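Down below is the structure, laid out as structure tokens.
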Amino acid sequence: MSTQPPGTQPPGTWRSGTWRSGPRQPAPPEPPERPQPPVRWARPALLALLLVTAALYLWSLSASGYANQFYSAAVQAGSESWKAFFFGSSDAANSITVDKPPAALWPMALSVRLFGLSSWAILVPEALMGVAAVGVLHGAVRRRFGAGAGLLAGGALAVTPVAALMFRFNNPDALLCLLMVGAIACVLRALEDGRTKWLLLAGVCFGLGFLTKTLQAWLILPPLAVVYACCAPVALRRRFGQLLLAGLVIVVSGGWWVAIVELWPAASRPYIGGSQHNSFLELTFGYNGFGRLSGNETGSVGGARPGGAHGGGGGAWGETGITRLFSSDMGGQISWLLPAALILLVAGVALLWRARRADAAEQAGQRAEFLVWGGALLMTFTTFSFMSGIFHQYYNIALAPYIAALVGMGTALLWRRGGRGAALVLAGTVAVTAGWSFVLLNRSPDWLPWLRWTVLALGLLAALGLLLSVRAGAGSRAGVAARASRRVAVLAAGLGVVTALAGPVAYTLDTVNTAKGGSIITAGPSVQGGRGGPGGGFPGARMRGRNGGRPGAWPGFPGGRGGKGGMGGFGERGAGRMGGMGGLLNGAKVSDRAKALLKKDADDYTWAAATIGSQNAASYQLATGEPVMAIGGFNGSDPSPTLARFKEYVADGKIHYFLAGGRDGRGGKGGRGGPGGDRGGSSQITSWVTKTFQKVTVGSTTFYDLTRKA
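Using our numbering, the letters of the sequence shown correspond one by one to residues 2 to 711.
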């Protein structure tokens, strides 16, 4: 019986492994695919996964209060002013914007408009984004690799510590993560049949991602475009046409807001926070763009110096290099399953590189999916490992869905292939994961000390079980021995999954039971050798305690207990678990007396008060519900407003009080008035106000009444 290769062949027939001359013969039709029996447990399991994820992310959600007050104040402003909503202003009077585009603020602001201002109303949209991301990831992986793979991928994402952290927080990273998962899911659908609509939907996701966190959203564009250009099941010319059209959609869906902002008269819109020349394009390509790669971030505080040259492969934001994400600061946030994902990526691509004729199309699709998720992982991993600019631990949420997808896909592929080689890879992956989990857990020796040894022992036992099951099954025929071998393999695999996720689950549970606040937060317990432990991580700061504690460095930074001549800073008291640097990383606790002072006659003024830095302005704005001007933006270093402009506001009676600098608002000895220190406009305004107007002391806080000369 002769066999003919699939597809229409050149003239001749295929016999006994060679071509025979003859007329062109059409290939026999491929046999129809057998319908796969429905997996009865798939839908209940997905529902259970989503319910557990929702419970995890919503648990004690309001314990974090306003979380990052910098963004919460902008949400409050957007809930009161549609202009502030559109621009992402820090206050409803539209003095300055946050240093990001506003898309991440919009869902929270709409929630506050519906339910009123509260921690719950701000943070619930973030938690629901996390549930949605888990669901979309599950669906994307399940389409080609089955319900088990989708469930494992979704579960791994849900319990990744940095994901659980950020889906319960109000930074832009939650929305960005959801949009990137959605973009990849759309690209994968486009790779199935080459339909343009899916590629265009991916473009919309990338455009909205740009309006969430600018160029970071486009970080994975190159590998996705290359995979589509090489693997899409349509003609090459059509592929490039589709990619160009998708690129146009990205520009339109992300550029419409930019065009409006750049064309809007600068005098009638808020200053673009984070820029030095009131330009969103400058912010995009500078402070929030290439400056993050090079370290040349004009206007930043504490980051890399211009030029990014620090020597030794490191800088103020930590050592760069291939091991950066495995370090004490980063490892417990994201790297639990990172070695497994890299191993399974290599194994999956190797297995699928040469597709078998029987199911070539399916294997080609699976290979493309490995390349998409793997390309996104490698591009993001490389960028994060070597970027010299501002880099915080929570940025690693971007890696979480890529790692989770590869773990789910790779495990399912190797399990189905079976055989000695697949078992060796699975066993090795389980053993490596258990060993690395031991290392990560050992960095917190006083926290659950039994867990690291349990994970290591059970992980090695699971790896051994996988190896023994293959060896026993290879020498046995169908029957009792084969069934027993299968049961051993299933038990070992289940134990391997449990031990691989035990460490992340423990970190995640610790995270959801710990209130988080401030600009720099981390998941899990404090670790040895970290740059500040949970909530720490600011360059050079050596902090202690579960979420910071008193700093032993940065004596001149806001909120720090600095020595003589330090900047003093704002709001150390009540700065949250961040402890020091309260004026830059978190705001102050507002007393009832200070709140009453600002609210009195507030309707007669455009701004109830002004102060240096966005975090302190946010504290008073959230406490009073009245607009508070953030002089200098987040870092206190933006030239907004200038001294001349500020004098105009005061002369026109638009600002009632100025909140003085200094620790606890007292303007301590040698204090320079808050974040940014002696940074042009901010220090000039502080000096002019303190010399010109009457001081009003309320408890431990010092105000200056801008309506009464000294």
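The beta carbon of each residue, even a glycine, is placed where N, CA and C say it ideally should be. Small disclaimer: the values here were computed from a predicted structure and weren't measured.
Following the DSSP letters along the chain, one finds residue 522 in no alpha helix (DSSP H), marked with neither H nor E. Contact between residue 323 and residue 389 is absent: CB atoms are separated by about 15 angstroms, not below the 8 angstroms threshold. Taking residue 162 as the centre and dropping the five residues before and after it, the same chain places the C-beta of 333, 334, 505, 508, 509, 512, 524 and 525 closer than 7 angstroms to its C-beta, in chain order. Per the DSSP secondary-structure output, residue 705 pairs in a beta bridge with 659 and 696.
Bounds of any beta strand (DSSP E) do not take in residue 185; it lies within the alpha helix (DSSP H) bounded by 174-194.
Collapsing the DSSP output to three states places residue 499 in a helix.
Under the three-state reduction of DSSP, residue 389 is assigned to coil, being neither helix nor strand. Contact between residue 190 and residue 127 is ruled out by a C-beta separation of about 26 angstroms, above the 8 angstroms threshold. Rounded to whole angstroms, residue 629 and residue 90 show a C-alpha spacing of 11 angstroms. Rounded to the nearest whole angstrom, the C-alpha separation of residue 605 and residue 657 is 9 angstroms. By the neighbour-count criterion, in which a residue is buried when 16 or more other Cβ atoms sit within 10 angstroms of its Cβ, residue 521 is buried. Membership of residue 412 in the alpha helix (DSSP H) is indicated by the continuous run 401-418.
Linking residue 209 to residue 243 through their CA atoms gives a straight-line distance of about 19 angstroms.
Judged by DSSP in its simplified three-state form, residue 689 adopts helix.
Within the stretch 578-629, the runs of beta strand (DSSP E) at least 3 residues long that lie entirely inside it are, in chain order, 608-613.
Annotation for residue 140: the continuous alpha helix (DSSP H) segment containing it runs 120-146. When the beta-carbon positions are compared, residue 627 and residue 645 stay at least 8 angstroms from each other. Scanning 49, 327, 346 and 424 for the CA closest to the CA of residue 441 turns up 327. The beta-bridge partner set that DSSP reports for residue 98 consists of 90.
As DSSP reads the structure, residue 632 sits in a beta bridge with 613. Residue 214 is not bridged by DSSP to any residue. With a threshold of 16 other beta carbon atoms within 10 Å, residue 76 meets it and is buried. Looking from the CA of residue 374, the closest CA among 364, 588 and 409 belongs to 409. Contact between residue 616 and residue 71 holds: their C-beta atoms lie close to 6 angstroms from each other, under 8 angstroms. Ranking 273, 222, 144 and 160 by CA distance to the CA of residue 632 puts 273 first. Two segments are said to touch when three or more pairs of C-beta atoms, one from each, lie closer than 8 angstroms; by this definition the stretch 141-154 touches the stretch 410-421. Under DSSP, residue 272 shares a beta bridge with 97. Listed in chain order, the non-local C-beta contacts of residue 382 below 7 angstroms within the same chain comprise 326 and 400, local neighbours out to five positions each way being set aside.
One thing to note: residue 159 has its Cβ no nearer than 8 angstroms to the Cβ of residue 285.
Residue pairing from DSSP places residue 710 in a beta bridge opposite 694.
Apart from the 5 residues on each side of it in sequence, residue 597 has no Cβ closer than 7 angstroms to any other Cβ in its chain.
In this model, residue 445 and residue 458 are separated by some 18 angstroms (Cα to Cα).
The C-beta of residue 217 has 16 or more other C-beta atoms within 10 Å across all chains shown, which makes the residue buried. With 16 or more other Cβ atoms from the protein chains shown falling within 10 Å of its own Cβ, residue 101 counts as buried. Closest by C-alpha distance to residue 145, out of 363, 638, 129 and 425, is 363. The Cβ neighbour count for residue 194, taken over all protein chains shown within 10 Å, is under 16; the residue is labelled exposed.
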